[in-house]
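**Q** The letter at position 56 of the sequence shown is residue 42 when you use our numbering, and the numbering goes up by one with no holes.
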Amino acid sequence: MNSHNPTPFPPNFLWGGAMTANQTEGAYDQGGRGLSVNDVLPRGAMSPERTPTPTSDNLKLTGIDYYNRFANDIALFGEMGFSALRFSIAWSRIFPQGDETEPNETGLVYYDRVLDELERHGIEPVITVSHYETPLHLAAAYTGWANRELIEFYGRYVRALYDRFAHRVKYWIPFNELNSAVMPLQTMPMASFMCTGITAPATSPSEQTVFRTAHNELVASQLAVKIAHQDYPQIKVGSMIGALPFYPATPNPQDVLAAMDADRRNLFFIDAAINGKYPGYLARYLRDNNITLDITDEDREILTHTPDFIAFSYYMSACASADPKLGEGGAFGGGIVNPHLAASDWGWQIDPVGLRIVLNQFWDRWGIPLFVVENGLGAKDELVEVNGQPTVIDDYRISYLNDHLVQVGEAIQDGVDVIGYTSWGPIDQVSASSGEMSKRYGYIYVDRHDDGTGTLERYRKKSYGWYSDVIRSNGATLTR
Ligand code: BG6
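1. Return helix, strand or coil for M226, following the three-state DSSP convention.
2. Check whether the Cβ atoms of G364 and Y427 lie closer than 8 Å to each other.
3. Once the 5 residues before and after F56 are set aside, which same chain residues still bring their CB inside 7 Å of it?
4. With contact counted as at least three CB pairs below 8 Å, one residue from each stretch, are the segment 378 to 389 and the segment 318 to 326 in contact?
5. Can you tell me whether E360 is helix, strand or coil according to DSSP?
6. Are the segment 341 to 360 and the segment 222 to 237 in contact at 8 Å, needing three or more beta carbon pairs?
7. For W349, which residues in the same chain have their Cβ closer than 6 Å to its Cβ, ignoring the five residues on either side in sequence?
8. Tell me, to the nearest whole angstrom, how far the beta carbon of F(-5) is from that of I398; I am working on the premise that it is less than 8 Å.
9. Using only alpha-carbon positions, find the residue among A210, D380, D247 that is nearest to I288.
10. Here's a check: name, in chain order, each residue in its chain whose Cβ is nearer than 8 Å to the Cβ of G64, leaving out the five neighbours to either side.
11. Taking contact to mean 3 or more Cβ pairs, one atom from each stretch, closer than 8 Å, check whether the segment 27 to 40 and the segment 63 to 80 are in contact.
12. Out of A269, D280, A329, which one is the CA nearest neighbour of Y301?
13. Does the segment 70 to 77 come into contact with the segment -2 to 11, if we say contact requires no fewer than three beta-carbon pairs (one atom in each stretch) closer than 8 Å?
14. Got a sec: does the ligand BG6 put a non-hydrogen atom nearer than 7 Å to the Cβ of K222?
15. Going by DSSP in three states, S449 sits in which element: helix, strand or coil?
16. Is there contact here, the segment 332 to 339 with the segment 253 to 260, by at least three beta-carbon pairs under 8 Å?
17. Comparing C-alpha positions only, which one of V358, R134, E86, G461 sits nearest to A206?
18. Do you know offhand how far P376's Cα is from D455's?
19. Any heavy atom of the ligand BG6 closer than 7 Å to the Cβ of A317?
20. Following the continuous alpha helix (DSSP H) through A269, name the residue where it begins and the one where it ends.
21. Measure the C-alpha to C-alpha separation of D433 and L0 and round it to an integer number of angstroms.
22. Could you please give me the residues that DSSP links to L0 through a beta bridge?
23. Take the Cβ of P338 as the centre, count every other Cβ of all protein chains shown within 10 Å, and call the residue buried at 16 or more, exposed below.
24. Within the chosen definition, does the segment 402 to 416 reach the segment 354 to 368 through at least 3 CB pairs nearer than 8 Å?
25. Is DSSP giving F81 helix, strand or coil here?
26. Cutting at 7 Å between CB atoms, please list the residues of its own chain near R466, excluding the five before and the five after it.
27. Between the beta-carbon of N44 and the beta-carbon of D25, is there less than 8 Å?
28. So for I109, helix, strand or coil by DSSP?
29. Indicate whether the contact test is met: 3 or more Cβ pairs, each with one atom in the segment 187 to 205 and one in the segment 271 to 284, closer than 8 Å.
30. For H(-10), count the other beta carbons within 10 Å of its own beta carbon; 16 or more makes it buried, fewer makes it exposed. Which is it?
31. Decide if N238 is buried, meaning its Cβ has at least 16 other Cβ atoms within 10 Å, or exposed.
32. If you follow the alpha helix (DSSP H) that E468 is in, where does it begin and where does it stop?
33. Report the option in I256, D367, K366, D241 whose CA atom is closest to the CA atom of P310.
34. Taking F161 as the reference, which of E119, A126, P191, R145 has the closest Cα?
35. Exposed or buried, what is T48 when buried is set at 16 or more other beta-carbons lying within 10 Å of its beta-carbon?
36. How close, in whole Å, do the beta carbons of G224 and Y157 come, if the pair is a contact with beta carbons under 8 Å?
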């Protein structure tokens, strides 16, 4: 720390928010867009319900109407001082079925306009190429990412995006949370379908299918790195996982081993991306479980292209135990509840120090820059009037974000290279796991409700002013 920069955050630190196309844009049938997996999941990944066609109770079909209101929303982000916005491109706006050879120009023009608006406000775009938005046709006709043909379709898609946008977009994330492909399914029966388009069976694929799917996505992610390094050297491509650190439930060495194994299920993607090959521990797991992967020589070559940074989401931690009985009915995502932590209304355990821990672990393990691209608190908000203005007094959200950002600062002081922080859902959006509107993350309230009613008007919450101050002071206003 020095007198010119009284906070640990470096002067060029990227501050902003993160969102997806499928949770915000709506306009699911406009601009030549094809259907995507989320269009048939009205209750999100937590419910086994999947409809044959889009149904009017699916809030994502309208989202928050960002497709039509993006200029207004980006102006609000600009007013807050954002220097970065992470958002995803809807694959089915660019390739409506997913297996076409030519992109849909109307879709590309839409994102040209979004980028124009970001440029106008001096906001750096961070693009997620695929965020739970596999075109429905690729799920229905090809069984999603379980089929390696998707690597080729994805390669065509990512090339189309680089061709069009690489001259104005520096940061790219090929996939949201690669490890969602191997997520335990106790709490989210439709996660395999939502995250990877698996249809057969959607709710309980075999470990063989799960790991083949994960392999195909990993190769596609690395292909995005390879194409960039070969043909678009000015851009930076970061592999992404969902960080969910596991603590041993007790100091029993068997529990410590269980926690290490649970972590490895999430971390092997990046171990492979950094080292250019699958780690030995994964090879053993596959062998012990009679899982065979179809790895070609070309795959092996693609795996050797190292990403430029590691991006990750972080919401919670969990505990692991060697005793299988302890896991039952436990924490969200398959872990065991940690008695030292409080949880959100949705059972996500709140652990700011866990963020410092993963930042340090990832830095020690991989040694390349890290980008926190999701973090936030989903909570029920109450709209009230203050000085005649509708707002939300969301002190609980401020406290969550403040405490996590303090830990990012601690990690930076520990020597970790952190590029930036984009909190989840800077404007309220439809929940991925539950399909609800009432699970809100935003600094900006959107007047839309679980029953689909609401004006879609936007209102600044208390956290809006709080985050603006944090950004403008480069973290100096955070309270320790
Ligand atoms: C992340 C996903 O894991 O969690 C987002 O990348 C999602 O798409 C976020 O919205 C929060 O989850 P939820 O279910 O509260 O929307």
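All residues carry an ideal CB built from backbone N, CA and C; glycine is no exception.
**A** Looking at the atomic coordinates:
1. Locating residue 226 in the sequence shown gives position 240, where the first residue counts as 1. The three-state reading of DSSP puts M226 in strand, counting E and B together.
2. Counting from 1 along the sequence shown, the entry for residue 364 is found at position 378. Counting from 1 along the sequence shown, the entry for residue 427 is found at position 441. Yes, these two residues count as a Cβ contact at 8 Å.
3. The sequence position of residue 56 within the sequence shown is 70, counting from 1. V100, E103.
4. Between the segment 378 to 389 and the segment 318 to 326, the count of C-beta pairs closer than 8 Å stays below three; the two stretches do not touch.
5. Counting from one through the sequence shown, the residue named residue 360 turns up at place 374. In the structure shown, E360 sits in a strand (DSSP, three-state: E or B).
6. With the cut-off at 8 Å, the segment 341 to 360 and the segment 222 to 237 touch.
7. Looking up residue 349 in the sequence shown gives position 363. Closer than 6 Å at Cβ, skipping near neighbours: V402.
8. On the sequence shown, position 9 is the one that residue -5 refers to. On the sequence shown, position 412 is the one that residue 398 refers to. Contact between F(-5) and I398 holds: CB atoms are separated by about 7 Å, below the 8 Å threshold.
9. In the sequence shown, residue 288 corresponds to position 302, counting from 1. The shortest C-alpha separation from I288 is found at A210.
10. On the sequence shown, position 78 is the one that residue 64 refers to. Here the set comprises R106, H107, G108, I109.
11. With a cut-off of 8 Å, the segment 63 to 80 and the segment 27 to 40 do not count as touching, because too few Cβ pairs lie within range.
12. Start at 1 with the first residue of the sequence shown, and residue 301 comes out as number 315. Closest option to Y301, judged by alpha-carbon separation, among A269, D280, A329: A329.
13. In this structure the segment 70 to 77 touches the segment -2 to 11; the number of beta carbon pairs closer than 8 Å is three or more.
14. Here residue 222 refers to the residue found at position 236 of the sequence shown. Checking the Cβ of K222 against the ligand BG6 gives no.
15. Residue 449 sits at position 463 when you count from the first residue of the sequence shown. The three-state reading of DSSP puts S449 in helix, counting H, G and I together.
16. Fewer than three beta-carbon pairs drawn from the segment 332 to 339 and the segment 253 to 260 are found closer than 8 Å, and the two stretches are therefore not classed as touching.
17. Counting from one through the sequence shown, the residue named residue 206 turns up at place 220. Selected option, being the one with the closest Cα: R134.
18. By 1-based counting over the sequence shown, the position of residue 376 is 390. By 1-based counting over the sequence shown, the position of residue 455 is 469. If I take the Cα positions, the gap works out to 20 Å.
19. Indexing the sequence shown from 1 puts residue 317 at position 331. The answer is no for A317.
20. As a first step, residue 269 must be located in the sequence shown, where it is residue number 283. Per DSSP, A269 belongs to the alpha helix (DSSP H) from 266 to 274.
21. The residue you call residue 433 lines up with position 447 of the sequence shown. The residue you call residue 0 lines up with position 14 of the sequence shown. Cα to Cα, D433 sits roughly 29 Å from L0.
22. By 1-based counting over the sequence shown, the position of residue 0 is 14. DSSP output for L0 lists G406 as bridge partner(s).
23. Working through the sequence shown from its first residue, we reach residue 338 at position 352. When all chains shown are included, P338 counts as buried.
24. Contact between the segment 402 to 416 and the segment 354 to 368 is present: three or more C-beta pairs spanning the two stretches fall below 8 Å.
25. For the purposes of this step, residue 81 is taken as residue 95 along the sequence shown, with counting starting at 1. Residue state, collapsed to three classes: coil.
26. Taking the first residue of the sequence shown as position 1, residue 466 is located at position 480. V392, listed in sequence order.
27. Within the sequence shown, the letter at position 58 stands for residue 44. Within the sequence shown, the letter at position 39 stands for residue 25. Yes, they are a contact pair.
28. The residue you call residue 109 lines up with position 123 of the sequence shown. Correct three-state label for I109: coil.
29. Segments in contact, yes.
30. By one-based count along the sequence shown, residue -10 stands at place 4. With a pLDDT of 44 at H(-10), under the threshold of 50, the predicted position of this residue should be treated as unreliable, though the coordinate-derived value follows. By the 16-neighbour rule on beta-carbons within 10 angstroms, H(-10) is exposed.
31. Taking the first residue of the sequence shown as position 1, residue 238 is located at position 252. Exposed.
32. Because the chain is modelled from -13 through 466, residue 468 falls outside the range shown and cannot be assessed.
33. As a working mapping, residue 310 is identified with position 324 in the sequence shown. Nearest option by C-alpha distance: D241.
34. Numbered from its first residue, the sequence shown carries residue 161 at position 175. When each option's Cα is compared against that of F161, the closest is E119.
35. As a working mapping, residue 48 is identified with position 62 in the sequence shown. T48 should be labelled buried.
36. Working through the sequence shown from its first residue, we reach residue 224 at position 238. Working through the sequence shown from its first residue, we reach residue 157 at position 171. Contact flag correct, Cβ pair sits at about 7 Å.
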